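The block underneath contains the structure these notes are about, expressed in structure tokens.
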Amino acid sequence: MSWFKRNAVGIEAGAAIVTACVAVIALIGVKVQLDEADRIAAATSAREAYRSHLTLSVSHPDFATPADACALMEGETAGAYRAFVDHLLYSAEQMLEVSEGWESTFTDALMPHQAAICAVGQHLGETDAMVTLLKQFRAANCPTTPSC
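So for the sequence shown, the numbering used here puts the first residue at 3; every next one is plus one.
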């Protein structure tokens, strides 16, 4: 017992250091958990946006694979068709931000809407991944003079 009395100051200092280390490790653990929760939430949201677009495509096959996108952009359903293409772009943007390897999927999905994508100005896409995808799509698929 006298050993504890003689070394009480050192034991208390050691305990304080261990407590501080445990607190720092706990804070790091909380940060890692919060970051992972954010990543999972973003991925879930992106998948839901893509699923929603697939459902929309099944519900509106005339928009999903238009025979004449230019006619859709100018007819009675112009607003609905633009919203459909915007939804496709939104779901692409979400997926490209959270998961790699979707570029070819969305390039293929954009092909039936080539006229609509090429007719719109350069201000589509909020994220770097989407801007890159659209630049590549336009460079490869858009004629010098838009078809619509």
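Virtual Cβ for every residue (Gly too), placed ideally from N, Cα, C.
Being a predicted model, the structure only gives us computed values, none of them experimental.
By DSSP, does residue i sit in helix, in strand, or in coil?
{"i": "residue 68", "result": "coil"}
{"i": "residue 26", "result": "helix"}
{"i": "residue 9", "result": "coil"}
{"i": "residue 129", "result": "coil"}
{"i": "residue 100", "result": "helix"}
{"i": "residue 77", "result": "coil"}
{"i": "residue 120", "result": "helix"}
{"i": "residue 145", "result": "coil"}
{"i": "residue 115", "result": "helix"}
{"i": "residue 55", "result": "helix"}
{"i": "residue 62", "result": "coil"}
How many whole angstroms separate the CB atoms of residue i and residue j, which I take to be in contact at a CB cut-off of 8 Å?
{"i": "residue 52", "j": "residue 97", "result": "5 Å"}
{"i": "residue 111", "j": "residue 75", "result": "With a Cβ gap of about 17 Å, residue 111 and residue 75 do not count as contacting."}
{"i": "residue 66", "j": "residue 59", "result": "4 Å"}
{"i": "residue 90", "j": "residue 55", "result": "6 Å"}
{"i": "residue 115", "j": "residue 71", "result": "6 Å"}
Measure the C-alpha to C-alpha separation of residue i and residue j and round it to an integer number of angstroms.
{"i": "residue 57", "j": "residue 84", "result": "17 Å"}
{"i": "residue 93", "j": "residue 106", "result": "14 Å"}
{"i": "residue 44", "j": "residue 101", "result": "10 Å"}
{"i": "residue 129", "j": "residue 138", "result": "14 Å"}
{"i": "residue 4", "j": "residue 21", "result": "25 Å"}
{"i": "residue 40", "j": "residue 33", "result": "11 Å"}
{"i": "residue 122", "j": "residue 147", "result": "12 Å"}
{"i": "residue 73", "j": "residue 87", "result": "14 Å"}
{"i": "residue 145", "j": "residue 64", "result": "24 Å"}
{"i": "residue 18", "j": "residue 7", "result": "17 Å"}
{"i": "residue 68", "j": "residue 120", "result": "15 Å"}
{"i": "residue 10", "j": "residue 24", "result": "21 Å"}
{"i": "residue 141", "j": "residue 133", "result": "12 Å"}
Starting from the C-beta of residue i, find all residues in its chain whose C-beta is less than 7 Å away, skip the five residues before and the five after it, and write them out in chain order.
{"i": "residue 131", "result": "98, 99"}
{"i": "residue 30", "result": "none"}
Excluding sequence positions up to five away, which residues of its chain have a Cβ less than 6 Å from the Cβ of residue i?
{"i": "residue 108", "result": "94"}
Once the 5 residues before and after residue i are set aside, which same chain residues still bring their CB inside 8 Å of it?
{"i": "residue 13", "result": "6"}
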